[in-house]
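So the sequences go chain by chain: A and B. Residues 1 to 527 (our numbering) make up the first sequence, in order. Residues 528 to 1054 (our numbering) make up the second sequence, in order. Heads up, the beta-carbon is just placed ideally off N, CA and C, and yes, glycines get one too. Predicted model, so just to flag it, every value in this text is computed and none were measured.
2 protein chains.
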Amino acid sequence: MGSLDANPAAAYAAFAAAADVDGFHPLNPDDVRSYLHKAVDFVYDYYKSVESLPVLPGVEPGYLHRLLQSAPPSSSAPFDIAMKELKDAVVPGMTHWASPNFFAFFPSTNSAAAIAGELIASAMNTVGFTWQASPAATELEVLALDWLAQLLKLPASFMTRTVAGGRGTGGGVILGTTSEAMLVTLVAARDAALRRSGSAGVAGLTRLTVYAADQTHSTFFKACRLAGFDPANIRSIPTGADTDYALDPAVLLAAMRADADAGLIPTYVCATVGTTSSNAVDPVGAVADVASTFSAWVHVDAAYAGSACICPEFRHHLDGVDRVDSISMSPHKWLMTCLDCTCLYVRDTHRLTGSLETNPEYLKNHASDSGEVTDLKDMQVGVGRRFRGLKLWMVMRTYGATKLQEHIRSDVAMAKMFEEFVRGDDRFEVVVPRNFALVCFRIKPRKFASEEEAERVNRELMERLNKTGKAYVAHTVIGGRFVLRFAVGSSLQEERHVRSAWELIKKTAAEIVGDGEDDRLMMMMRE
Amino acid sequence: MGSLDANPAAAYAAFAAAADVDGFHPLNPDDVRSYLHKAVDFVYDYYKSVESLPVLPGVEPGYLHRLLQSAPPSSSAPFDIAMKELKDAVVPGMTHWASPNFFAFFPSTNSAAAIAGELIASAMNTVGFTWQASPAATELEVLALDWLAQLLKLPASFMTRTVAGGRGTGGGVILGTTSEAMLVTLVAARDAALRRSGSAGVAGLTRLTVYAADQTHSTFFKACRLAGFDPANIRSIPTGADTDYALDPAVLLAAMRADADAGLIPTYVCATVGTTSSNAVDPVGAVADVASTFSAWVHVDAAYAGSACICPEFRHHLDGVDRVDSISMSPHKWLMTCLDCTCLYVRDTHRLTGSLETNPEYLKNHASDSGEVTDLKDMQVGVGRRFRGLKLWMVMRTYGATKLQEHIRSDVAMAKMFEEFVRGDDRFEVVVPRNFALVCFRIKPRKFASEEEAERVNRELMERLNKTGKAYVAHTVIGGRFVLRFAVGSSLQEERHVRSAWELIKKTAAEIVGDGEDDRLMMMMRE
Chain A
1 MGSLDANPAA AYAAFAAAAD VDGFHPLNPD DVRSYLHKAV DFVYDYYKSV
51 ESLPVLPGVE PGYLHRLLQS APPSSSAPFD IAMKELKDAV VPGMTHWASP
101 NFFAFFPSTN SAAAIAGELI ASAMNTVGFT WQASPAATEL EVLALDWLAQ
151 LLKLPASFMT RTVAGGRGTG GGVILGTTSE AMLVTLVAAR DAALRRSGSA
201 GVAGLTRLTV YAADQTHSTF FKACRLAGFD PANIRSIPTG ADTDYALDPA
251 VLLAAMRADA DAGLIPTYVC ATVGTTSSNA VDPVGAVADV ASTFSAWVHV
301 DAAYAGSACI CPEFRHHLDG VDRVDSISMS PHKWLMTCLD CTCLYVRDTH
351 RLTGSLETNP EYLKNHASDS GEVTDLKDMQ VGVGRRFRGL KLWMVMRTYG
401 ATKLQEHIRS DVAMAKMFEE FVRGDDRFEV VVPRNFALVC FRIKPRKFAS
451 EEEAERVNRE LMERLNKTGK AYVAHTVIGG RFVLRFAVGS SLQEERHVRS
501 AWELIKKTAA EIVGDGEDDR LMMMMRE
Chain B
528 MGSLDANPAA AYAAFAAAAD VDGFHPLNPD DVRSYLHKAV DFVYDYYKSV
578 ESLPVLPGVE PGYLHRLLQS APPSSSAPFD IAMKELKDAV VPGMTHWASP
628 NFFAFFPSTN SAAAIAGELI ASAMNTVGFT WQASPAATEL EVLALDWLAQ
678 LLKLPASFMT RTVAGGRGTG GGVILGTTSE AMLVTLVAAR DAALRRSGSA
728 GVAGLTRLTV YAADQTHSTF FKACRLAGFD PANIRSIPTG ADTDYALDPA
778 VLLAAMRADA DAGLIPTYVC ATVGTTSSNA VDPVGAVADV ASTFSAWVHV
828 DAAYAGSACI CPEFRHHLDG VDRVDSISMS PHKWLMTCLD CTCLYVRDTH
878 RLTGSLETNP EYLKNHASDS GEVTDLKDMQ VGVGRRFRGL KLWMVMRTYG
928 ATKLQEHIRS DVAMAKMFEE FVRGDDRFEV VVPRNFALVC FRIKPRKFAS
978 EEEAERVNRE LMERLNKTGK AYVAHTVIGG RFVLRFAVGS SLQEERHVRS
1028 AWELIKKTAA EIVGDGEDDR LMMMMRE
């Protein structure tokens, strides 16, 4: 960070002399370029060194407040000061999602094209709430969504521009999170069900029911509550090992039937392609068929695994998507597009805009009045919105389908390699089949050991691993079993990182349960 | 954009030779640096030239789809290709919010420090849903919010860290939009009211009522519908010229009293400091006093004008904020922080997290269990979140209170200058008092002219102005009058731009209504 390390006083002095000559110009192009060059240098150094930083920092709550001043500075300072504090105080307390040794949660994949696109978007800083407020921002977002829909082989009914070149009723929007995608479609489905049932206002809300497998992300159940659904009417459908924790359409049907028979109105079903916990895949087509009996809205949450479906060998996981009402997937998870970027597609945009449209005087304009354009504010919670399409378009424009597929396949191959390591060591077991680049595994419990014992051993393994700073793995509980999640795909990751992590896991496990069967038995017996 | 313009074939050839040597590395530090340097050059050139670009582009709906290929590329391309298409096809269709000739809506202010901060955040690409998922990201966000609270002189009850250094119940979170701030507080207020009223589930929802002045942003009424409030129970309180279109506490009291008397439950009041239409300021303290009679939640939307309240001379607009439940303001509007950045403060975070908390197994960790840390996912709609605090912290760290205040004051001074221009020309009138940096004005209607005539003339003025590409002004309707909104503050704006815009307005008005009274009367009579 330049001269500051050597001589902060000098940096301040030079700065003070230069300041205030001609007022305050926060976007002076020379300052912008100078600050950005410093930021680029930081990013370069960060990517070069992140591998050697502890993935999970060993800081205590409140650490940063002890390092940085608690009151805002009253006067200005050279940008180097902020950069120095970033480096000295902030970076040591970061969990490094960009580290190639990050295997927790799902990776937040990224790329040079995405970061560059986001930089330009934040510099242009347009607010594309209506088409007129930034025609190119709206049209590039729509184009990027249509491109992605083509990569995913989504039916033309989800695209703004149909294959024939005309305008269908479908369309998409880029949102910040899957939760928002769920929320806005829940609201559209809710309003449609209320209308269908002849409800006066929201009086009929207590009769509406919603459904998802118990493996569905917790944010779905939260989104239902946000939209005002009655907590008693939010059905979490049990799953089990028999379906590898995917939603069983027969169980769904029984639940919906029972509700309908009781005078309730099945309104919405969420199916997940690649659950957060274990990457289970709900059968999209079968779920859609069940839901159609009740005219319920079907949403597919493919936040993580949707990206894989750009490869022909994974596309079958979306079979039946032509019969659902909406689907969302997040390129910020696995399509090398930095946060945040969740793509929502709906088959009938009017059902969405019918619930979300606003038309204040100060946003009225000829283009909106003409009905020829998409005003993206009417497909999201808020009004304001960044230039969201640019980075996603740049990723597809620069890397093309081939490289994007190569990237998915490379991650899956590394996960497969890890899975084989696990399977090849009889102290470990893979707990559920691997579908994508997530391996759920654990130290195998000894015979007749309780689940509590198995959990204690595996929790110990996880905590020891994470304390090394050389790997970060997260956990889940599947079917009552405490399981480690090994998610491959951080964008700087190479095969050697997966190999090193496995060596570390073996070594750490050996410290806990010994090198082989006998040692392990002895350890267990001593406990 | 480099060699591409001269010889795209050569760029492709060099690129093809370099590719595929060693797999695909989307975050290769050298590529990242190279792409970012190109992006920085673009940004520099853009800021240098944006003044000369038409603010509002003259493109037709669908223009971009005609310029860019409709199918995603199958193979990769040099980054220069994306940059060239950005420059040739996208930029000409942008509405340039960064232009110093942009006077529409509210400015999306920006700064070198903010853009650099956002760049670093998107490169680090952490997902700080829990404290553990990125301790520094969470703590820096909390610190930035506490700093801003101090600049705004918010009561300590809104800060995470109270003045005494202990931990209060208050706290904040950075969200994407004001709408989300409204939504999450509406949901918290809704759930509290349901509990208070002994409602079984959401059965009592039909009795809950919400209130805001008719000048409140339309997104408030949308957020109410998203949260499931009955459309019939969403009260838009009429305002008039007598209060300069601010909420009249007596009218609010009468409306709440009437609802309570009818057995309804007043649940939430939204007060605005600086309405979108005309910058009216609802009296925060008086509104809080009325609402407290009914135990209703009071939220202050200070999206735009909140930033001005860092200056002592504007702080009185927040008087009474110590008695409200929540306040949100958006540094992405007027505090030089690029999109998106909306700061929400609540007095009792537990009321918010009580409605928004989720606790899935895969996110459980010791820090969260200890209750010592803030998990920001529980104060927003979604789970995932960018490293949101960095850019806001960098803005305050680099510019300090003094420069931030200077920036507000400079904008207000320019708006005041414009206001004086308008007042000094008897063909024009200022329609409502100017509170901040927005001037609402129009061509004065001639005596006995209908509002339709006045609207026609002023609409003509707006459309002619915007077609020149040399200024972009938006409109609104206040008290039945069609009015032009002249919002000063785009970050590249200087006094000369305001002067030029006024010259253009005078010249264009003269084309429509003549240079003086006689000409104007004649023009009007001919119509």
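Around the beta-carbon of Ala-98 (chain A), 16 or more other beta-carbon atoms lie within 10 Å, marking it buried. Here Pro-61 (chain A) is not near Trp-920 (chain B), since their CB atoms are 8 Å or more apart. The C-beta distance from Tyr-872 (chain B) to Ala-676 (chain B) rounds to 6 Å, short enough to meet the 8 Å contact threshold.
A check of alpha carbon separations from Thr-743 (chain B) across B:Ser-804, B:Asn-985 and B:Thr-876 identifies B:Ser-804 as the nearest. About 6 Å separates the beta carbon of Ala-296 (chain A) from that of Tyr-268 (chain A), a gap short enough to meet the 8 Å contact definition.
The beta-carbon distance between Arg-991 (chain B) and His-1002 (chain B), rounded to whole angstroms, is 13 Å. This is too long to meet the 8 Å contact definition. The closest CA to that of Asp-426 (chain A), considering only A:Lys-444, A:Leu-438 and A:Asn-435, is found on A:Lys-444. Put simply, of A:Ser-111, A:Met-124 and A:Thr-138 the residue whose alpha carbon is nearest the alpha carbon of Asn-652 (chain B) is A:Ser-111.
Residues of chain B whose Cβ lies closer than 7 Å to the Cβ of Cys-338 (chain A) are, in chain order, Ser-649 and Asn-652. With respect to the C-alpha of Met-256 (chain A), the residue from A:Ser-491, A:Ala-291 and A:Arg-409 having the closest C-alpha is A:Ala-291. For His-826 (chain B), no CB of chain A lies under 8 Å from its own CB, so it is not counted at the interface with that chain. In this chain, the alpha helix (DSSP H) harbouring Thr-746 (chain B) covers 745-753.
Pairing Val-827 (chain B) with Val-848 (chain B) gives a Cβ-Cβ distance under 8 Å. Look at the stretch 723-810 of chain B and you find these whole runs of beta strand (DSSP E), each 3 residues long or longer: 735-740, 761-764 and 792-799. Here Gln-69 (chain A) is exposed. Its C-beta has fewer than 16 other C-beta atoms within 10 Å. Under the DSSP assignment, His-877 (chain B) falls in the alpha helix (DSSP H) whose first and last residues are 876-883. Annotation: Trp-297 (chain A) is outside any alpha helix (DSSP H); the continuous beta strand (DSSP E) that includes it extends over 297-301. When secondary structure is reduced to three states using DSSP, Gly-514 (chain A) falls in the coil class, being assigned neither helix nor strand. Burial of Thr-178 (chain A) is indicated by the presence of at least 16 other C-beta atoms within 10 angstroms of its C-beta. For Gln-215 (chain A), not one C-beta of chain B is nearer than 8 Å to its own C-beta.
Residues of chain B whose Cβ lies closer than 9 Å to the Cβ of Pro-360 (chain A) are, in chain order, His-744, Ser-745, Thr-746, Thr-803, Ser-804 and Thr-1003. Asn-806 (chain B) is a Cβ neighbour of Asn-962 (chain B), given a cutoff of 8 Å. Taking the Cα positions, Ala-631 (chain B) is about 24 Å away from Val-922 (chain B). In this structure, Thr-876 (chain B) lies near Gly-697 (chain B), with their beta-carbon atoms less than 8 Å apart.
Asp-867 (chain B) counts as buried, since at least 16 other C-beta atoms from the protein chains shown sit within 10 angstroms of its C-beta. Judged by beta-carbon spacing, His-623 (chain B) lies within the 8 Å limit of Val-582 (chain B), meaning their Cβ atoms are closer than that value. Among the residues facing chain A, Glu-578 (chain B) is not included, as its CB has no counterpart in that chain under 8 Å away. C-alpha of Val-50 (chain A) to C-alpha of Ala-609 (chain B): approximately 28 Å in a straight line.
A residue is called buried when at least 16 other Cβ atoms come within 10 angstroms of its Cβ; Lys-918 (chain B) meets this threshold and is buried.
The shortest C-alpha to C-alpha distance from Ser-684 (chain B) to any of B:Asp-852, B:Ala-1014, B:Leu-988 and B:Glu-946 is the one to B:Asp-852.
Rounded to the nearest angstrom, the gap between the Cα atoms of Val-1040 (chain B) and Val-984 (chain B) is 8 Å. At least one C-beta of chain A is nearer than 8 Å to the C-beta of Met-923 (chain B). Any Cβ of chain B closer than 8 Å to the Cβ of Glu-406 (chain A) would place that residue at the interface, and such an atom is present. At a cut-off of 8 Å between beta-carbon atoms, Asp-31 (chain A) makes contact with chain B.
Distances from the alpha-carbon of Phe-387 (chain A) to those of A:Leu-86, A:Ile-115, A:Ile-120 and A:Tyr-47 put A:Ile-120 closest. Ala-136 (chain A) and Gly-585 (chain B) have their alpha carbons spaced roughly 11 Å apart.
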